[in-house]
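Please read the structure below before turning to the comments.
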Amino acid sequence: MADKLSREGSFHVTQGEKEFEIRPAGKTELQLKYETEGDKQKFEIEIEWRPLGEVDNIVIK
Numbered sequence: 001m002a003d004k005l006s007r008e009g010s011f012h013v014t015q016g017e018k019e020f021e022i023r024p025a026g027k028t029e030l031q032l033k034y035e036t037e038g039d040k041q042k043f044e045i046e047i048e049w050r051p052l053g054e055v056d057n058i059v060i061k
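Every letter in the sequence shown is one number past the one before it in UniProt numbering, and letter 20, counting from 1, is 20.
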């Protein structure tokens, strides 16, 4: 996934008949989380981004 993002700027996720194109732009953050509970294991990948041109701090006067 990281290689595909680096090369092409996007990747696809398929679930059954549905396919989604993920194309993050702007400031991108990646968060990885691994948990174990007894014999159950979970690995989460979270990608967050803000569209290009979005302002972090908005001041209304």
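Where is the CB? At the ideal position from N, CA and C, for every residue including glycine.
Exercise. State the DSSP-derived secondary structure class of K40, mapped to helix, strand or coil.
Key: strand
Quiz item: For the putative contact between P24 and I45, defined by C-beta atoms under 8 Å, what is the C-beta separation to the nearest angstrom?
Solution: Incorrect: roughly 12 Å between the Cβ atoms, too far for contact.
Quiz prompt | Straight-line gap, I22 to W49 (C-alpha atoms, nearest Å) | solution = 11 Å
Quiz item: Does the separation of the CB atoms of A43 and Y34 fall below 8 Å?
Solution: The amino acid at residue 43 is misidentified as Ala; the sequence shows Phe. Against a cut-off of 8 Å, the Cβ pair of Y34 and F43 comes out as a contact.
Quiz item: Nearest-angstrom Cα distance between P51 and D39?
Solution: 39 Å
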